[in-house]
Amino acid sequence: MIGYITVGTNDLQRAMAFYDALFGSVGLSRLIEMPNIAGWGSNWDKPIFGVAKPFDGSPATPGNGTMIALGQRTRAKVRTLHAKALELGGKDEGPPGVRGAESSQAFYAAYVRDLDGNKLCFYSVGPGEDG
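FYI, this note's numbering numbers position 4 of the sequence shown as -6, with every residue one higher than the one before it.
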C-alpha cells in the first residue's frame, strides 16, 4: 500500500549525499532526483524513500513521534545501515538488538536520526542468522 514516504530537509545536496552512501551500503540506489526532492529504492514497483524541501517554503523540521521504519531481509543489513548512518554523522537512537523475546518472529531493530533529525528504524523480523 505504501508507494513512497518523504522526510524533510533544509539541504537537499547534503541529504542526497547521506542517503546515497547509507542506502548504497545495502545495494539500493537513487531512483529519482528533481529540484526539490530525491528518492531511493530497489525499483519503481516497491516503496520509495524520499527527502524533500518543504513545498510551502518553511524550514523542514523532524516530526515529534514520526519515525520511518525500513525493513531489511537480515540482521546483518540492519547492523550495516545503523553503523553507516553513524559513520555519516547520524545520531544513535538505539543500537541494533532484539526488542522483546528471541523467537521465530523476533523483532530486531536499530534506530538513528539523520542529519536533519528525522528518526529512522532499520529492522528485520525472524530468527537470528544462526537460528
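All C-beta atoms, glycine included, are put in the ideal place defined by N, C-alpha and C.
Whole angstroms are fine: how far does the CA of residue j sit from the CA of residue i?
i     : j       : result
Ala50 : Tyr(-6) : 18 Å
Phe8  : Phe39   : 13 Å
Gly47 : Thr(-1) : 11 Å
Gly55 : Pro85   : 18 Å
Lys74 : Arg4    : 15 Å
Ile22 : Ser93   : 38 Å
Val68 : Phe45   : 31 Å
Gly31 : Arg89   : 26 Å
Ala28 : Ser114  : 25 Å
By alpha-carbon positions, which one of the options ends up nearest to residue i?
i       : options                        : result
Lys109  : Asn0, Ala96, Asp82, Arg89      : Asp82
Leu76   : Leu12, Asp1, Val(-3)           : Leu12
Asn26   : Val88, Tyr98, Ala42            : Ala42
Thr(-4) : Asp106, Gly118, Ser114, Val115 : Asp106
Lys36   : Ile(-8), Ala99, Asp10, Ile58   : Ile(-8)
Pro117  : Ala100, Ala91, Arg103          : Ala91
Val102  : Met57, Ala66, Asp1             : Met57
Thr70   : Met6, Ala99, Gln95, Arg20      : Ala99
From the DSSP output, in three-state form, read off residue i for me.
i       : result
Arg89   : strand
Thr(-4) : strand
Asp143  : This structure cannot settle anything about residue 143, because the visible part of the chain is limited to -9 through 121.
Lys109  : strand
Leu71   : helix
Phe13   : helix
Ala5    : helix
Ala96   : coil
Glu119  : coil
Leu18   : coil
Would you say the stretch 14 to 32 touches the stretch 53 to 73, given that touching needs at least three Cβ pairs under 8 Å? yes
Fill in: Length-filtered (4 minimum) alpha helix (DSSP H) runs lying within the stretch 26 to 79
Taking only runs of at least 4 residues, the alpha helix (DSSP H) segments lying wholly in the stretch 26 to 79 are 65 to 77.
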